[in-house]
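Q: Here it is, the structure, as structure tokens.
2 protein chains.
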Amino acid sequence: MMKLTDKKIAEIFKALCDENRIKILHLLQTGEKCACHLNDEINVTQPTMSHHMKVLCDSGIVVGRKEGKWIHYSISPDGAKLAADVLKELTNI
Amino acid sequence: MMKLTDKKIAEIFKALCDENRIKILHLLQTGEKCACHLNDEINVTQPTMSHHMKVLCDSGIVVGRKEGKWIHYSISPDGAKLAADVLKELTNI
DNA sequence: TTATTATATAGATAATTTTCTATTTGTCAA
DNA sequence: TTGACAAATAGAAAATTATCTATATAATAA
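Read top to bottom, the protein sequences are chains Z and B. Here the working numbering is used: the first residue of the first sequence is 2, the next is one more, and so on. Here the working numbering is used: the first residue of the second sequence is 2, the next is one more, and so on.
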């Protein structure tokens, strides 16, 4: 597996250590969602949502697909696999 | 799988979103370590180390075993498996 | 072009987390 | 019991993060 810095590993899991971001991931579990839809479900302002989506995308676990004015977010299978692999390696599972 | 609150899920992954805690987990990869040994390797004061060990133990990923004056920490296979399962479930892997 | 809508950015504040020093608690050995 | 050592706790400061309001950017539609 590719060697990541400890800083990068922490960045990956930073995606998962906030309750609102966990809620967002739950919403993405059923497939791609537009940011505007996520806004309806999570009780934060639009700029706060934008911040959370940036953290999620920076981790690689989520990807955004721009389509006109909208951005459709979804779970990245590759990013998720990397996170799972790193966790496994880190904990010797 | 057992149903966890979003707050609890965030608590699990909080263990993994700090660079020093990742370093600690790397040290535990080779087996149980005494807190005093971890202190030698990670450049923080004893109370700060104590704080990090608490966060790691609260997540369930690490367990401490008290032996006299010392506490020996190790990765909990059960805690690690739970974290891996939650991550898998959350990202549909 | 102008208006409208989706998202991002800037900048500030509040909340949380990390870190420290000082002290306390618990355990063992003289 | 006293001294030494390991770890935890209290309390404060520093750093980071989450959140907001206001504004800017980008894309579409009229």
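Don't be surprised by glycine CBs; every beta carbon is placed ideally from N, CA and C. The model shown is predicted, which means the values in this text are computed figures rather than measured ones.
B:Thr46 touches chain Z at which residues, Cβ-Cβ below 8 angstroms?
A: Result: empty, since nearest Cβ-Cβ is about 19 angstroms, beyond 8 angstroms.
Q: Taking one C-beta from the segment 3 to 17 of chain B and one from the segment 40 to 48 of chain B each time, how about it: are there three or more such pairs within less than 8 angstroms?
A: no
Q: Which residues share a DSSP beta bridge with B:Gly65?
A: B:Tyr74
Q: Provide the residue(s) that pair with B:Lys34 in DSSP beta bridges, ordered along the chain.
A: B:Tyr74
Q: With 16 as the cutoff for other CB atoms within 10 Å, does Z:Ser77 come out buried or exposed?
A: buried
Q: Please name the residues in the segment 11 to 24 of chain Z whose beta-carbon is closer than 9 angstroms to at least one beta-carbon of chain B, in chain order.
A: Answer in chain order: Ala11, Glu12, Ile13, Phe14, Lys15, Ala16, Leu17, Cys18, Asp19, Glu20, Asn21, Arg22, Ile23, Lys24.
Q: Skipping 5 residues on each side, what residues in its chain have a beta carbon closer than 6 angstroms to that of Z:His73?
A: Shown here for Z:His73: same chain residues with a beta carbon closer than 6 angstroms to its own, the five before and five after excluded, namely Glu33, Cys35, Arg66 in chain order.
Q: The alpha helix (DSSP H) that contains B:Ile13, what's its start and end?
A: 7 to 15
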